[in-house]
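Protein chains: 2
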Amino acid sequence: MPKVETFDRDIILSQATTAFHDLGYNATSMQDLVDATGLNRSSIYNSFTSKKNLFLECLKFYENKNNREISKKLLKASNGFEAIQHLFEFYIYEMTKASDDKGCLIVNCKSEMANHENTITNFLTSNQQRMLELLEDLIFQGQQDHSINKLQSASAYALYIYSSIQGFRVTGILVTEPSKLKSISKTILQTLI
Amino acid sequence: MPKVETFDRDIILSQATTAFHDLGYNATSMQDLVDATGLNRSSIYNSFTSKKNLFLECLKFYENKNNREISKKLLKASNGFEAIQHLFEFYIYEMTKASDDKGCLIVNCKSEMANHENTITNFLTSNQQRMLELLEDLIFQGQQDHSINKLQSASAYALYIYSSIQGFRVTGILVTEPSKLKSISKTILQTLI
DNA sequence: TTAATTTTGGAACGTTCATTTCAAATAAAA
DNA sequence: TTTTATTTGAAATGAACGTTCCAAAATTAA
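If you read the sequences in order, they're chains A and B.
In this note's numbering, each number is its position in the first sequence, counted from 1, plus 52.
In this note's numbering, each number is its position in the second sequence, counted from 1, plus 52.
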C-alpha cells in the first residue's frame, strides 16, 4: 500500500501563504516556495499541481483562517453594530501586529490579477459574494435591533462597508499609526449609527 | 551635433503606462513594453534606464494626468463638499468608461510592491502626502463654507476620504454597475454633511 | 519479508526574463 | 560636406523562470 503524504498540508499552506503574502503572486518564485515550505520542488508539484493552483489553495486557506477568527470575534457582539465594530477591530489588530503591514492577501490579489486568470477571478468574485452576504446579514440584524439606522438598505450599507474595508486594508500598508487607523474606522462606522 | 530624440516622450509614457496598468509591474515584460511603445529595446534603455525607472516615470505621468483632470473638475465646485463630490464623479467616470476596470495604477502598485522597492515606496508615500493635503484643504474649505460638518477635524476626514477612495477604486475592479458605484459614493459622502 | 505505491531528491528541460553590446543609420552643427 | 553625438536594430548575454523527469528512498498492507 502507498506511502502516505508525510507533511502537514495546513502547515505547508500556511508557509506558502506567507511567501505569497510577502511578495505577491508574480514576484514569488517557485524557489521561494521551496525555501518557505522546506518541501522539494517535485513534492510541491505532486501535491499542488502548479504554482497557480497552489496560490489558489493559499487564497482559500487565508480566507478560511480569517473567517474562523472573525467568527470568534463576532460571537462577542451584542448587536449588529457591535459586530461590524468588532470586524474593524479585528482588521486593526491584524494591521498593527506586524511593523510593516502587507495588506490583505485577497485585496492585493484583486489589484494584481483580477480579470487576468479565470480561476482567480472566480475565487475573488465568490469571496466578494460571501463577504457581502455576511455584511448584509449583520447590518440587517443591526437595523432590526436598532443599533444601525435605516437611512439606507442593508445591501447598500453592506457594499459601502465592503468597499471601506478594502480601502482600510490598502491604507494600512503605508499608514501604520494605530490612532489614525482607529480614526478612519470610527468615521466609517459613524455612517451606520 | 547630436541627433535628437525623435519620439514624443509623453506618447511613449502613455503607451507604457497602459501596458503597466493592464498587467501590473511584475507581469509586464520588457517585450510587452517594446510592443506597446513601438520603440526598440535599446532606445527604451537609452531613454529610461531600466524597467523599474520607466515604471516610476509612468507612475508620475499617471499622477500628473489625473491631477490635471481632477483640477478641471474641481473648478466647477461652488463649495468644499461639491469639490469632494466632483472628485468621486471623476472616479466613477474613470471606472465606468472601460468595460473591465483595471483599478487605479497607483493603488494597484501599492498593493503589489509597497515596502519592496525604496524608490517606489518613496513615490507612494509622497503621492499619499499630496493627496491628503489636497483633501484636507478641500474639507477645511467645506467646513468654512458650512457645506461640510465639523464633527471631526479636516485631517481626520481627509484620511477617511483618502481611504475610501482607495477602497472605491479596488471595489470598482469587480463591481461595475454604475448604480452600485453611485450608491457607495453617496454613502461615503453622507458622513461629511 | 515481499509487493505495491508514493514521496522524495536533484538534475535537467526549454522558455523567458531584464539587460548589454556594437556596428550601422541618422541628423544637426560646423 | 564633414564632424560629432545619438538613436536604432538585431543579436547575444547569463540568470531565473515554471515545470518535468526518473531513479532512489520510504512506507504499509499482504
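C-beta: ideal position from N, C-alpha, C; glycine also.
These numbers come from a predicted model, not from an experiment.
As the crow flies, the alpha-carbon of L111(B) is around 28 Å from that of T70(A). Residues of chain B whose Cβ lies closer than 8 Å to the Cβ of N160(A) are, in chain order, S163 and E164.
Contact of I236(B) with chain A is assigned, a C-beta pair being separated by under 8 Å.
Across the stretch 63 to 85 of chain B, CB contacts with chain A closer than 7 Å involve G76, N78 and A79, in sequence order along the chain. With a cutoff of 8 Å on beta-carbon distance, S215(A) and N160(B) are scored as not near each other.
Secondary structure at A166(B): coil, using DSSP grouped into helix, strand and coil. Excluding its 5 nearest sequence neighbours in each direction, I240(A) has C-beta neighbours in its own chain below 8 Å: F140, I213, S216 and F220, listed in chain order. As the crow flies, the alpha-carbon of S235(B) is around 9 Å from that of Y209(A). Taking 8 Å as the cut-off, the Cβ atoms of I122(A) and L244(A) do not count as close. Excluding the 5 residues flanking it on each side, S94(A) has no same chain C-beta neighbour closer than 7 Å. Runs of the beta strand (DSSP E) spanning 3 or more residues and lying entirely within the stretch 170 to 200 of chain B do not occur at all. N167(A) has a beta carbon lying within less than 8 Å of a beta carbon in chain B. At the C-beta level, G76(B) and N131(A) stay beyond 8 Å of one another.
Of all residues in the stretch 191 to 215 of chain A, the ones placed with a Cβ closer than 8 Å to any Cβ belonging to chain B are L203, Q204, A208, Y209, L211, Y212, Y214 and S215, in chain order. Neighbours of K232(B) in chain A, taken as residues at a C-beta separation under 8 Å, are given in chain order as L211. Between L186(A) and chain B, the shortest Cβ-Cβ separation is not below 8 Å. At least one beta carbon of chain A lies nearer than 8 Å to the beta carbon of F220(B). Proximity of L176(A) to chain B, defined by a Cβ-Cβ separation below 8 Å, is satisfied. Judged by DSSP in its simplified three-state form, E229(B) adopts coil rather than helix or strand.
Out of F142(A), F107(A), K232(A) and F133(A), the CA that lies nearest to the CA of K124(A) is found in F142(A). Taken through DSSP and simplified to helix, strand or coil, A210(B) comes out as helix. Secondary structure of I245(A) (DSSP, three-state): coil.
Contact annotation for D152(B) against chain A: N167 [CB-CB distance below 7 Å, chain order]. Per DSSP, K124(B) is one residue of the alpha helix (DSSP H) stretching across K103 to L127. By the C-beta density criterion, K128(B) is exposed, having fewer than 16 other C-beta atoms within 10 angstroms. Using a 10 angstroms sphere on the CB of M165(A), the tally of other CB atoms reaches 16 or more, which defines it as buried. Considering only K238(B), I63(B), R61(B) and K232(B), the residue with the shortest C-alpha distance to T148(B) is K232(B). With distances taken between CA atoms, L106(B) lies nearest to T80(B) out of H168(B), Q196(B), N118(B) and T80(B).
Note that the C-beta distance between L184(B) and L211(B) is below 8 Å. In the three-state DSSP reduction, L91(A) falls in the coil class, being neither helix nor strand. Not a single C-beta of chain B is nearer than 8 Å to the C-beta of L127(A). For T69(A), the enclosing alpha helix (DSSP H) stretches over residues R61 to L75.
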